[in-house]
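In the numbering used here, the protein residues as written are 441 to 551.
Even for Gly, the Cβ is constructed at its ideal location relative to N, Cα and C.
What follows is the structure, encoded as structure tokens:
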């Protein structure tokens with residue numbers, strides 16, 4: 441996949457960041473930087489829980505990616521929710537992440 445048009449609609453197909461290699465999100469790129477960019481893009485659309493970041497966006501360790509984004513200055517809040525995963529299993533106390541307003545100059549998001 442070479443550009444955002446190639447990413448399936450259920451993958452992070454959005455807002456480029458300076459950290460994403462060549463300013464593209466790639467659903468098949470499991471690099472740390474690309475996975476951070478996917479999580480950030482998903483959170484910019486709406487709040488996401490761990491299961492959705494894994495199942496819908498292919499991020500294998502969402503909690504770590506969220507923590508790394510926090511360390512880079514992003515304000516991300518967490519609440520605990522119950523979630524039923526695609527296999528029908530109910531999980532209690534799953535993290536749901538909410539991205540707070542971003543200061544573009546500080547956060548490194550390109551205009």
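Helix, strand or coil for residue 512 per DSSP?
-> coil
To which residues does DSSP link residue 525 through a beta bridge?
-> Per DSSP, none; premise fails for residue 525.
For residue 508, which residues of its own chain have a beta-carbon under 7 Å away from its beta-carbon, when the five flanking residues on both sides are left out?
-> 476
Taking the C-alpha atoms as reference points, what is the distance between residue 489 and residue 540?
-> 15 Å
Which whole-angstrom value is the C-beta distance of residue 479 and residue 502, which I expect to be below 8 Å?
-> 6 Å
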